[in-house]
Amino acid sequence: GQLAFGDEPERAAAPATPTRLRVVAFGARIELEADELRRIRHNVLGGTAPVNLLRPRARKLLLDALWSRSSGRGRYTDPQLVAELRSSFDEDVSTEAPFLEFLDAWWPELTPRRVLAAMADEKRLARWSRRVLNQGEARRLARSLKRLDTADGSGPLSVHDVALLDELQALLGTPARPKRRREMDPLDQLSGLEELMPQREETQWERAERLAAERTEYAHVIVDEAQDLTPMQWRMVGRRGRHATWTIVGDPAQSSWSDPDEAAAARDEALGSRPRRRFTLTVNYRNPAEIAELAAKVLALAMPGMESPSAVRSTGVVPRFEPVRDGDLAATVRAEARRLLAEVDGTVGVVVAMDRR
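Going from the sequence shown to the numbering used here is simple: count from 1 and add 1.
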């Protein structure tokens with residue numbers, strides 16, 4: 002599904018949003034009240050960028066509103082002098098603690114983890130997901146997210162949270178990070194060489210690490226066990242292969258997702274309109290013929306019309322079913338394992354449900 006933040010996404014993890022901005026400029030106090038701040042917020046959200054990338058726009062519109070109320074606005078008629086005064090005003094106001102603290106609280110940079118943790122609020126989640134989840138689904142999801150800290154989103158994550166966090170990252174946007182300054186060698190500082198020598202260029206290894214960290218797309222995407230990807234996971238992979246060639250390997254008959262058609266639709270959306278070639282693998286190298294024949298009977302009932310691959314080897318051992326009475330499971334399994342160890346070479350594996358280990 003796709004989550005919709007509604008009109009005020011920046012409130013996702015900032016419940017104490019300030020309602021008044023006060024600064025001092027030209028020796029006078031300038032204030033923006035709640036109504037004006039709401040108007041500015043509405044104008045900021047009129048942009049098309051993700052919410053985190055709208056922060057510079059929010060900063061500019063706040064400064065515009067403060068300037069319009071300042072005494073400096075009508076001080077000069079010469080356009081150049083007005084521009085210089087405005088530039089000085091913006092620099093002075095935007096570097097003062099009251100303005101910076103207000104901006105951080107009024108338009109904070111949101112992280113995917115914080116927003117995910119904010120979904121633990123059932124009413125908020127119901128509002129965001131009204132086109133995707135019904136009331137019961139929203140309640141269950143909200144309760145499952147109580148494990149996360151609402152302050153910073155820390156806490157245990159599930160496998161499915163990873164794709165949701167990636168979706169949130171795409172919706173929120175990632176602000177550009179300032180370039181890291183090179184650490185100066187103390188000896189260079191003492192000798193003054195830092196003034197004469199050019200900045201050290203990054204090594205090939207450092208460049209490779211930086212590019213890997215910044216990479217958002219790939220030239221070729223390989224998806225194995227594709228039948229197990231959820232629709233949200235397909236969206237996550239799709240964002241990394243918009244211009245890539247793809248190799249997708251999967252067996253629909255082994256899908257762990259409850260709605261294969263939904264997953265297939267998400268896969269098609271990820272692939273887009275690029276041409277496709279389909280190949281069917283008809284040889285089974287993994288299981289012996291005795292297991293494959295039994296699996297084919299189950300497959301015919303579960304997914305009629307699905308072709309079963311042919312096994313290339315046989316063991317001569319036919320699968321056997323052994324009824325077990327309540328309370329006798331452990332003893333029966335041990336006895337069966339000992340019997341098989343006496344009959345076959347190699348290792349005998351016992352596969353059970355997690356709650357029976």
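From the three backbone atoms N, C-alpha and C, an ideal C-beta is built for every residue, glycine too.
#1: If you draw a straight line from the alpha carbon of LEU101 to that of SER88, how long is it in whole angstroms?
#2: Which word fits ALA271, buried or exposed, when buried means at least 16 other C-beta atoms lie within 10 angstroms of its C-beta?
#3: Rounded to a whole number of angstroms, what is the C-alpha to C-alpha distance between LEU1 and TRP108?
#4: So, at 6 Å on beta carbons, what are the nonlocal neighbours of THR333 in its own chain, with the 5 sequence-adjacent residues on each side left out?
#5: In terms of residue numbering, what span does the beta strand (DSSP E) encompassing ALA121 cover?
#6: Mind checking whether PRO310 and VAL284 have CB atoms under 8 Å apart?
#7: What does VAL25 pair with, by DSSP beta-bridge criteria?
#8: Once the 5 residues before and after GLY73 are set aside, which same chain residues still bring their CB inside 8 Å of it?
#9: Name the one or two DSSP bridge partners that TRP247 has.
#10: Does DSSP put ASN285 in a helix, in a strand, or in coil?
#11: What residues in its chain sit with their C-beta under 7 Å from that of ARG23, if we drop five residues either side in the sequence?
#12: For the stretch 39-86, list the alpha helix (DSSP H) runs that are entirely contained and at least 4 residues long, ordered along the chain.
#13: Assuming contact is defined by CB atoms lying nearer than 8 Å, are LEU117 and ASP162 in contact in what I supplied?
#14: Spatial neighbours of PRO261 within its chain, please: C-beta separation below 7 Å, excluding the five flanking residues on both sides.
#15: Please classify GLY239 as buried or exposed, where buried requires at least 16 other C-beta atoms within 10 Å of its C-beta.
#16: Would you call GLY7 buried or exposed, if buried means 16 or more other Cβ atoms sit within 10 Å of its Cβ?
#17: Under a Cβ-count criterion, where at least 16 other Cβ atoms within 10 Å of its own Cβ denotes burial, should ASN135 be classed as buried or exposed?
#18: Assign TRP206 to one of two classes, buried (16 or more other C-beta atoms within 10 Å of its C-beta) or exposed (fewer than that).
#19: Are at least three pairs of beta-carbons, each pair with one atom in the stretch 255-269 and one in the stretch 285-294, less than 8 Å apart?
#20: Using alpha carbons as the reference points, say which of GLY154, LYS124, LEU82 and ARG40 lies closest to ARG387.
In terms of the structure at hand:
#1: 17 Å
#2: buried
#3: Lying outside 2 to 358, the shown extent of the chain, residue 1 is not represented and no answer is given.
#4: VAL325
#5: Where ALA121 is concerned, there is no enclosing beta strand (DSSP E), given that its DSSP letter is neither H nor E.
#6: yes
#7: ARG30
#8: ALA26, PHE27, LEU86, ARG87 and PHE90
#9: VAL222
#10: strand
#11: ARG30, GLU32 and PRO99
#12: 56-69
#13: yes
#14: PRO253
#15: buried
#16: Because the pLDDT at GLY7 is just 47, under 50, the model does not fix this residue reliably, and the point stays unresolved.
#17: exposed
#18: exposed
#19: no
#20: Nothing about residue 387 can be reported from this structure: the residues present for the chain run from 2 to 358 only.
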